[in-house]
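Encoded as structure tokens, the structure appears first; notes follow it.
Numbering (the working numbering), first residue to last: 776 to 1374.
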């Protein structure tokens, strides 16, 4: 007992200064805490010390490793997009962690610097109803990508204090080897803290697996939420938040995967949810397909509230589209796109109050059949929203008035650039202009907006009428880049370049001035509607990861034949040693690409 108390004291006296030191240094990494990287779904790593168009043009960036994970795919679903924690202070040193969900209701954590498995967490099914048969529309199993607590808005590079991180933070979880982590909040009781009451957030499961002996609380301190003597609070603790097919949310200790709190019921079991997003204690997802008799809609639960009541806004029509689900704006609104359907808010983009899910605004475009999660960004004094549709067009909306007084007029609509896609995902980034000279009396001049870009996957050949710079013949499609242009006070999206040929391209990701895009290889031909998952898998081809010059779309690098199965989930990127790129494939393999770690 004495030894364990000493270890807990060591966690307070030694590790906490290390955490503070790491944050104070401003290491410049970016953490991928949620689907598409941040709450605005930009898929943009704003700063990276090693990746650039210049460095990708020379040898160095390469395939690093792959890891096969035990899993049984559900229809075409296998592994989710990885969520990252780039620096965990642990008993045995620093760890960089990637966590992926597997369709068999399992979470896997991997040390991606060393390519070593860390822990496995099985999310046992706890639903009241039996698991229904799997189908292409409702595949079942775990579908929602995990999340970590995410900032409401990305940090401004160079602003200081946060090290350029886009939300979230690295943390500490130090404990006796093989026994999980001590609860640092409880370890800090000598400084006036009291243990949480039984059943209260942070009380955990007495004697739970992986708990440090003698600790009456949850089996692990978690990163960030502990280590400063404060109580653990679900929704604020830096954990990996995951949801299995039964609709229960788990806060998993970053160091060992143990439940930090009793799981919380969020949505009905056997639904078809999108990825999770956790901001300021509010957890969001969306549902589609009517799976498990669950209504299509947007869901929220305030995990920091004692009653943890689930809120839902129902579309009364089509499903909420985009694998990433709803998108948080920077002005307290939550945006979601709804696909084709009958009645209600089908073919709409809606703005909901982020705390209550009350409907605040919407635009309805008959026939648009929206197919992507919205991306949100600011231009001067405006919050803008972009979303794509199966009509092959890209829509630019004013976040303060999505469709004007008629709820039907978009700010701008591009010409058709793509054929229909079952789901899509946009990304956006901004090139930074030179620093403006100082104004009168040395005052800083008003900031000049950079060039705003939006990237969209395209299916099929780009229409001849779309005037873009092509990078070769692309009959299967690829990525199309648009620039935001202001003329006479009006904002438009100008098509600029189209990438090389890609089959069923996934959501692209931007690091500095490099676009990473995946030719997923998934067979989505006209005949696929009448095929089984096994037949479509057989017709699919191995995925290929490409690096493109963000200004021109020119190919800089490709993974060649390194990937041996097709991909379905999106990319993620991060790492304090220079970004690594992660791809998951149908055969339950996690791939890592990047620059080797400098030794």
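C-beta atoms are modelled at their ideal positions from N, C-alpha and C, and glycine is treated no differently.
Exercise. Looking at the structure shown, is residue 1067 part of a helix, part of a strand, or coil, going by DSSP?
Worked result: helix
Exercise. Straight-line CA distance for residue 1023 to residue 1039?
Worked result: 5 Å
Problem set entry | Short Cβ contact (8 Å threshold) for residue 818 with residue 1285 | yes
Exercise. What did DSSP end up calling residue 916 once you bin it into helix, strand or coil?
Worked result: coil
Problem set entry | Range covered by the alpha helix (DSSP H) that runs through residue 830 | 828-831
For this session: Please confirm if the segment 1295-1306 is in contact with the segment 1265-1280, defined as three or more CB-CB distances below 8 Å between the two stretches.
Result: yes
For this session: Count the C-beta pairs between the segment 865-884 and the segment 1019-1035 that are closer than 8 Å, then say yes if the count reaches three, no if not.
Result: yes
For this session: Could you tell me the boundaries of the alpha helix (DSSP H) in which residue 815 lies?
Result: From DSSP, residue 815 is part of no alpha helix (DSSP H); its letter is neither H nor E.
For this session: Please report the Cβ distance between residue 1119 and residue 1090, rounded to the nearest whole angstrom; I am assuming they are in contact, meaning their Cβ atoms lie under 8 Å.
Result: 5 Å
Problem set entry | Neighbour-count burial assignment, residue 1339, 16 or more Cβ in a 10 Å radius | exposed
Problem set entry | Length of the line joining the Cα atoms of residue 1115 and residue 1072 | 13 Å
Problem set entry | Whole-number beta carbon distance between residue 1150 and residue 815, since they are thought to touch under 8 Å | 6 Å
Problem set entry | Beta-carbon spacing of residue 915, residue 1370 below 8 Å | no
For this session: My understanding is that residue 1327 touches residue 1244, with C-beta atoms under 8 Å, so please give their C-beta distance in whole angstroms.
Result: 7 Å
Exercise. Going by Cα to Cα distance, which pick from 1081, 1097, 1095, 1101 is closest to residue 1059?
Worked result: 1101
Problem set entry | Between the CA atoms of residue 1334 and residue 1372 - distance to the nearest angstrom | 19 Å
For this session: Please go through the same chain and pick out, in chain order, the residues whose beta-carbon is closer than 6 Å to the beta-carbon of residue 1107, but skip the five residues on each side of it.
Result: 1129
Problem set entry | C-alpha gap between residue 994 and residue 892, whole angstroms | Caution applies to residue 994, whose pLDDT of 33 falls short of 50 and renders its modelled position unreliable; the model cannot decide the point.
For this session: Would you tell me roughly how many angstroms separate the C-alpha atoms of residue 1037 and residue 902, rounded to the nearest one?
Result: 15 Å
Problem set entry | residue 1314, enclosing alpha helix (DSSP H) - first and last residue | 1308-1314
For this session: For the beta strand (DSSP E) holding residue 825, just list the boundary residues, first then last.
Result: Where residue 825 is concerned, there is no enclosing beta strand (DSSP E), given that its DSSP letter is neither H nor E.
For this session: Could you check how far apart the C-beta atoms of residue 923 and residue 860 are, in whole angstroms? I think they sit under 8 Å.
Result: 7 Å
For this session: Specify, as a first and last residue, the run of the beta strand (DSSP E) that residue 1262 falls within.
Result: 1252-1262
Problem set entry | residue 1025 to residue 1167 span [Cα, whole Å] | 38 Å
For this session: Check the C-beta distance from residue 1099 over to residue 810 and give it rounded, since I have them as a contact under 8 Å.
Result: 4 Å
For this session: Kindly give me the distance between the Cβ atoms of residue 1063 and residue 1095, rounded to whole angstroms, as I take these residues to be in contact under 8 Å.
Result: 6 Å
Problem set entry | Neighbour-count burial assignment, residue 1011, 16 or more Cβ in a 10 Å radius | buried
For this session: Assuming residue 856 and residue 1344 form a contact by the criterion Cβ under 8 Å, report the distance between their Cβ atoms to the nearest whole angstrom.
Result: 4 Å
Exercise. Where in the segment 1077-1107 do unbroken runs of the beta strand (DSSP E), each at least 3 residues long, occur, reported from the N-terminal end onward?
Worked result: 1085-1089
Exercise. Roughly how many whole angstroms lie between the Cα atoms of residue 975 and residue 926?
Worked result: Low per-residue confidence applies at residue 975: pLDDT is 36, beneath 50, and the placement is therefore not dependable enough to give any value.
Exercise. If you compare alpha carbons, which of 1237, 1137, 1205 is closest to residue 1258?
Worked result: 1205
Problem set entry | Beta-carbon separation (whole angstroms), residue 1341 vs residue 1315, contact threshold 8 Å | 4 Å
For this session: Starting from the C-beta of residue 1117, find all residues in its chain whose C-beta is less than 7 Å away, skip the five residues before and the five after it, and write them out in chain order.
Result: 1092
Exercise. Helix, strand or coil for residue 962 per DSSP?
Worked result: Confidence is the limiting factor: at residue 962 the pLDDT is only 28, short of 50, which leaves the residue's position unreliable and the question unanswerable from this model.
Exercise. Under a three-way DSSP split, which group does residue 1198 fall into?
Worked result: coil
Problem set entry | Classification of residue 1165 by the beta-carbon crowding that lies within 10 angstroms, buried from 16 upward | buried
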